[in-house]
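Colleague: Protein chains in written order, with our numbering: chain A, 3 to 468; chain B, -15 to 475.
Just so it is clear, CB atoms sit at the ideal spot from N, CA and C, and this is done for glycine as well.
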Amino acid sequence: MATSPEIVSSEYKFGFHDEVEYLEETAAGLTRGTVEEISRFKNEPQWMLDFRLRAYEHYLSRPMPQWGGDLMQIDMSKIVYYRKPSQGEEKSWDDVPDKIKKTFERLGIPEAERKFLAGVGAQYDSEVVYHSVREELSKIGVVFMGTDQGLKEYPDLFRKYFATVVPPEDNKFAALNSAVWSGGSFVYVPKGVEVPLPLQAYFRINAENTGQFERTLIIVDEGAKVHYIEGCTAPIYTTDALHAAVVEVIALPHSKVRYTTIQNWSNDVYNLVTKRAHAHAHSTVEWIDANTGSKLTMKYPSIYLRGEGATAEVISVAVAGKGQHQDTGAKAIHLAPNTRSRIISKSISKDGGRTTYRGQLKVVPGATGVVSSVRCDALLLDEGSRSDTYPYIDIQEDDTTMTHEATVGKISQDQVFYLMSRGLTENEATNLVVQGFLEVFTKELPMEYAIEFNRLVKLEMEGSLG
Amino acid sequence: MTKSEGAPVAVGGRPGAGVAARPAAPARQAPTDLTLTFVDEAAVRGVAAAAGDPDWLLADRLAGLRGFEALPIESNPLYTPYVDLRNAHLSAVRPYPAGTSAGAGAGKAPLPEGAAAYAEFTEDRLTALVLSPEARDAGVVLETLASLGARNPALLRDLLDGGCTLPETDKLGQMTRALWTHGLFLHVPNGVRLERPIVLRWAMGAPNGALLSRTIISIGEDAEVSVVEEQLASTAGASAAGSSGESGGQAFFAGTTEIKLGAGSTLSFAGLQDFSTNQIAFQHRSAVVGRGSTLRWALAQLGCRVVRSRIDNTLEGDGSSVEQAEIVFGSIDQLFDLTSFTRHIGRDTTGNLLSKGALSDRSRAYLKGLITIDKPAHGTDSFLGEFAMLLSKQARSVAIPSLEIDQPDCRRVAHASAVGPIDPTQLFYLESRGLDPDEARKFIILGYLEPVVARVSLASAQDRLRDLLEAKWAASMGARPSAAPDAAAVA
C-alpha cells in the first residue's frame, strides 16, 4: 500500500491566507443599500436589480430554519457581502495578480489544467479572476465563463433560465444568494455537443468574514453531454465565514450532466447551498458530492425529474470530524412517468463529528413506472460521534417501485484484524477499510481527483485511532 | 400558523349581515389546526371537581394543560410537514363527564371465551369489568382509575404523578393528561404467568361524543401476560357512519396506554382499532421496558377517519427488547398518521419494528419512525421497516424511517422501506394455479398483513381481525373490475 510520506499532520493544508487589496468592498452587514451597491458595481440591467431586491425582501421576511444544523452562531451583520479583488476577468494566466496567482498555484490549479482540464474558472472571493476554455471548445460553441459575464454576453439565454430552477422564494439562503449573488460559473453546451473533458472551477474564500454567494447556471442543450467539477477550499480564521451558493442545472431532453463537488472548506465555514437540477425527457443528471470540510454543511442536491424517461443519480459522501456537522442528503422528485432515480450516501463520523442524511423521494400522481432506490450507510468511528438518518419517502402513485435501505455501524474489527495479519499497521488497515467503504464514490471521480480525495480522507483519518 | 381562532366567519357576530347573499364560507382549516374547543382551564377544573380529584391530581392536570397550550401540534421538526388534521371537525364534540362510568351490571358481564379478564367501556359507561377466578387468585388487578384512587390513593399518585411515561413534548398526550375522565389500571404481580389474555374493549362513536381515557399497565418482575385491546364502533357509531357519512357529527377518542415492564417480564399487546368512519382517534402508547424483559406489539389500524397514533418504546433495562408489528388497511379517505419512537438506553437491547400498509381509494398512511441510540446503549440491535402497498391511483404513502445514533458499538442498526404495487409475478403464479385475479390479489394482500394477525393472542380476536380485513377488502376492492390499472382516472 502506497503511503504518502508528506502527510504527517492533519493540519488544514490550504489554511494559508494572503493579504490582498480589494478594489471594491461593501460595508459589513446587509441592507437594501448593499444590494443596490452590488448591482451598481456590476453595472447590471434593471431586471436583475429588481430581482435582487425582491429576493432581499423575501430574505428578510423568512425566519431562520429551525431544523438541520445550528445556525444561531452565524452573525449575519458581521459578514461582508461583496468583495472584488481584481478588475474584471482575465483570459490569460499571466494577467492574474501575483498574490492571487500564488494562492492558486499552491492549490495546484494551473498544473491540473495542463494535465487534463478543458477549462478553468477560478473564483477568488467574489469575482471570477481567471477563466479559460480551450479553443476547440469555444469553437464548437461551448460557453464556460463567470456568471456575471454570462449575464452580459448572453442576456437572453441567461434570463430565460436564471432562477427557473431555484426561485428566490425557495428557502432563506437561496433568497440571500439571489439578493447578493456574485460570480459562479455560467455554462452552456449546445445541441448534440459532447464535452470530452471535465470543466472545472475552483472556488476559494480568502478574506475573513467573507460571505461567498456564487451562482452557477448550467444549461445543457438537447443531446449534449458535460461533466462539471468544483472543488472548494478556504483559509482558516477564528471567526466564521458563510458560503451560500445556488447551483441550477437544466438538462434538456436526451442530455447528460454530471456535477462533481469536492467540498473541503476549512472548519469555520458555514456551507449552506441549494443545488438543484431539472431533468427533462430522457436526460440523465448525476450529482457526485463529497463533503469533508466546513463547520456546518447543509446541502441536499436535488433532481426534479420533469420529462418522461429521465434518470437521476446522486452519490454523496460526508466525513465529519471534530466540531463538524455534515447535514447532507439528496432529493429526487419524480414528476413524469418512467423516471428512475438512485441515491447512494456514505458517511463517516469521528472525533465527535456529526453526519446527517436528510433525503426526500417523492412520486407525484400520474408518474407511473417510477423505479427508485435509496441506500445510506454510515460509519461511526468512536464514542461521542453521531450519525442521523432522516429519509422522507412520499409516494402518491401506485405504479411505483421504491426501495430504501440504511445501515449504521462501526468498522469491522474482523476486517482490520485480517489486514493486520497481512502486515498492515492498525492505522493503515483502518484507512483501507474506510477507503473501501467510500469506493462507490471514489471510483466515479477522474483519477487525479480520486487520488486527491483519498489523501483528504487519509488526512481526516489521521490520529483517529487513539 | 400554529393555531386558528376556530371562530366561525360570521361578520361582527351578525350572521348573514355580510355584503351579498352568498353564504359565509366555512372557516378554512390549516393542516395543523386543531378544532377542539373544550380544552381550557375551566374545563380542567370542572373535570377535577366532578371526579373529586385530590390537589396533586388537579396540579398534574393543569401541568398537562400548560403543556398542551405551549406545544405545537407536532413538536418534532422532522415530521412537521406531515401533519394533516383537516378532516377532523371537532368543534362540536364535548367530552363525556367524569364519574358517570359506574355501569350497574359491569361486574356480572360474561367473560369472553378464552379470556382471563375483561373490561369494556361503551361510550362513557363501564359495561364490563370481570376477572376469571384464576386471575383473581393470582392477584391480578383490573379496575378503573377512579376505584384505584378510592382504594389506594398513594399508588395512584405514584403511577400518575411520579412515574408518568407520557411524552412531555406531545401536545395531544398532554391534553389527555389534562382532561382524562375515564381510565383503567391493570396490574400483574411478580412471577404471575397468565395463559389467557386480558381483554380491554372500547366501543364508541356516538356523534359529538368525546372520550378521554388513560390505561395504566404495570407488569411485575418475571410475569408473563398478554393483552388484547379492541377499539370498535358502538351501535351509535356504526349507525352514524352508516347513515350519510358524517352528517351526525364526528366522535372523538383520545386514549393512552402507559406500560411499565418489570425485570424479566413479557407482555404481548395486540391492539385492534376498527372505529367507524366518523371517528377521530388520538392514541398514545408508551412503554418503559425493564431489564431482560420483552414487549411485543401487534397493532392493526382499520377504522377511523383520522388516526394519529404515537408509540414510545423506552428500552431502559439491559437486555430488554421490543418487537413491534403494525398494519394499516386504508380505504375511502382515511388518514393514518402513525409515529413510533424507540429509544435504546440499556446495554444489549433489541428493537425490531415493522409497519406495513395496504392503501386503497384515497386513503393515506404516514408511517414515521425514529430510532434513537443513546450513549450508554452498547451492543444495540435495532431494525425499523416501513412498507406500503398502493392499491389505487389516489392512495398515498409517506414513510420517514429515521435514525439518530450516538453509540457506534452496535450489533446492527438498519432501516428499510419499500413501496410498490402488488407484485405481478406473485399474481401470475396464483392465477396460474387457478385463482381468479381478484381472489389472487386478495390473497396477496391478506398474506402481506398476516404477520400481525398471527400475533393476536386471543383466538376470537384473531378471527375477528381476519374477518374485518376480508370485509374491508370486499368493500373497497372486491367490487371493482379486475382490470385494475385505470389510467384514465389520472390527469
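Name, please, each residue of chain A whose Cβ falls closer than 7 Å to the Cβ of P61/B.
Modeller: What P61/B touches in chain A: Q68 and W69.
Colleague: Could you give the distance in angstroms between the alpha-carbon of S228/B and the alpha-carbon of S344/B?
Modeller: Since pLDDT at S228/B reaches only 47, below the 50 mark, its modelled position is unreliable, and the value read off the structure follows with that caveat. Their Cα atoms are separated by approximately 21 Å.
Colleague: In whole angstroms, what separates the C-alpha of L421/A from that of S347/A?
Modeller: If you take the alpha carbons of L421/A and S347/A, they lie about 25 Å apart.
Colleague: So what does DSSP say about H60/A, is it helix, strand or coil?
Modeller: Looking at H60/A - three-state DSSP - the assignment turns out to be helix.
Colleague: Using a Cβ-Cβ cutoff of 8 Å, what residues of the stretch 405 to 420 of chain A are near chain B? List them in chain order.
Modeller: Listed by position, the residues of the stretch 405 to 420 of chain A near chain B (Cβ gap below 8 Å) are T405, H406, E407, A408, T409, V410, G411 and K412.
Colleague: Could you spell out where the alpha helix (DSSP H) holding A281/A opens and where it closes?
Modeller: Segment V271 to A281 is the beta strand (DSSP E) holding A281/A; no alpha helix (DSSP H) there.
Colleague: Along the chain, where does the beta strand (DSSP E) that runs through Y359/A open and close?
Modeller: Here the beta strand (DSSP E) through Y359/A covers R356 to V365.
Colleague: When the Cβ atoms of the stretch 350 to 368 of chain B are set against those of the stretch 319 to 326 of chain B, are three or more pairs found closer than 8 Å?
Modeller: With a cut-off of 8 Å, the stretch 319 to 326 of chain B and the stretch 350 to 368 of chain B count as touching, because enough Cβ pairs lie within range.
Colleague: Which residues share a DSSP beta bridge with Y306/A?
Modeller: Note: Y306/A sits in a beta bridge opposite H280/A and I335/A.
Colleague: Whose C-alpha, out of G193/B, Y102/B and E205/B, is nearest the C-alpha of A235/B?
Modeller: Comparing Cα-Cα distances from A235/B to each of G193/B, Y102/B and E205/B, the minimum goes to G193/B.
Colleague: Interface residues of chain B around D72/A at Cβ under 9 Å?
Modeller: Chain B residues near D72/A: none, gap ~13 Å exceeds 9 Å.
Colleague: Leaving out the 5 sequence neighbours to the left and right, which residues in its chain are closer than 7 Å to I389/B when beta-carbon positions are compared?
Modeller: Result list for I389/B: I357 and V397, in chain order.
Colleague: Output needed in chain order: residues of the stretch 387 to 398 of chain B with a Cβ under 8 Å from some Cβ in chain A.
Modeller: Going along the stretch 387 to 398 of chain B in chain order, one finds L387, E388, I389, D390, Q391, P392, D393, C394, R396, V397 and A398 with a Cβ nearer than 8 Å to chain A.
Colleague: Quick check on the DSSP output: what are the complete alpha helix (DSSP H) runs of length 4 or more inside the stretch 102 to 138 of chain B, in order along the chain?
Modeller: Within the stretch 102 to 138 of chain B, the complete alpha helix (DSSP H) runs of at least 4 residues are 117 to 122 and 129 to 135.
Colleague: Taking only three categories from DSSP, how would you classify L20/B?
Modeller: Note: L20/B maps to coil in three-state DSSP.
Colleague: Would you mind telling me which residues of chain B sit closer than 7 Å to L382/A, beta carbon to beta carbon, in chain order?
Modeller: Going along chain B in sequence order, the residues near L382/A (Cβ under 7 Å) are I389 and P392.
Colleague: Contact criterion: CB-CB distance below 8 Å. Does P65/A meet it with respect to chain B?
Modeller: So, not an interface residue.
Colleague: Which residue from V183/B, V124/B, G98/B and A82/B puts its Cα closest to that of A130/B?
Modeller: Closest option to A130/B, Cα to Cα, is A82/B.
Colleague: Are there 16 or more other CB atoms within 10 angstroms of the CB of I142/A, so buried, or fewer, so exposed?
Modeller: Answer is exposed; the Cβ neighbour count stays below 16.
Colleague: With a cut-off of 8 Å, does the C-beta of V67/B fall near any C-beta of chain A?
Modeller: False, the Cβ-Cβ gap to chain A never drops below 8 Å.
Colleague: Quick check: what's the CA-CA separation for K174/A versus T276/A?
Modeller: One C-alpha to the other measures close to 10 Å.
Colleague: Could I get the ranges of all uninterrupted beta strand (DSSP E) runs contained in the stretch 358 to 410 of chain B, with 3 residues as the minimum, in chain order?
Modeller: You should have 364 to 374, 380 to 389 and 394 to 404.
Colleague: Identify, in the order they occur along the chain, each residue of the same chain with its Cβ nearer than 7 Å to the Cβ of R545/B, setting aside the five sequence neighbours on each side.
Modeller: Residue coverage of chain B in this structure runs from -15 to 475, which leaves residue 545/B outside it and unanswerable.
Colleague: Quick check on the DSSP output: the alpha helix (DSSP H) that includes N179/A runs from which residue to which?
Modeller: Looking at the DSSP string, the run of the alpha helix (DSSP H) that includes N179/A is K174 to V182.
Colleague: Looking at L51/A and E59/A, is the spacing between their C-beta atoms short of 8 Å?
Modeller: No, these two residues do not count as a Cβ contact at 8 Å.
Colleague: Would a check of beta-carbon distances place P385/B closer than 8 Å to chain A?
Modeller: Yes - at least one Cβ of chain A is within 8 Å of the one on P385/B.
Colleague: In the DSSP assignment, the beta strand (DSSP E) including D390/A goes from what residue to what residue?
Modeller: From DSSP, the beta strand (DSSP E) with D390/A extends over R388 to I397.
Colleague: Nearest by alpha-carbon distance to A225/B: which of S197/B, P191/B and V209/B is it?
Modeller: It is P191/B whose Cα lies nearest to the Cα of A225/B.
Colleague: Does S387/A have its Cβ less than 8 Å from a Cβ in chain B?
Modeller: It does: the Cβ of S387/A has a partner Cβ on chain B nearer than 8 Å.
Colleague: When you compare each of E423/B, F22/B, L170/B and A112/B to A119/B by their alpha carbons, which one comes out closest?
Modeller: Among E423/B, F22/B, L170/B and A112/B, the Cα nearest to that of A119/B is on L170/B.
Colleague: What in chain A is Cβ-close to P405/B, meaning under 7 Å?
Modeller: Simply D400 and D401.
Colleague: Just grab the DSSP bridge partners of K301/A for me.
Modeller: Answer by DSSP bridge pairing, in chain order: V275/A and T330/A.
Colleague: DSSP three-state label for P79/B, please.
Modeller: Three-state result, P79/B: strand.
Colleague: Going by DSSP, which residues form a beta bridge with R294/B?
Modeller: Beta-bridge pairing links R294/B to H268/B and T323/B.
Colleague: Would you give the residue range spanned by the beta strand (DSSP E) that W457/B belongs to?
Modeller: Counting along the chain, W457/B falls outside any beta strand (DSSP E), though it belongs to the alpha helix (DSSP H) covering A443 to W457.
Colleague: F367/B and A402/B: beta carbons closer than 8 Å?
Modeller: Taking 8 Å as the Cβ cut-off, F367/B and A402/B do not qualify as a contacting pair.
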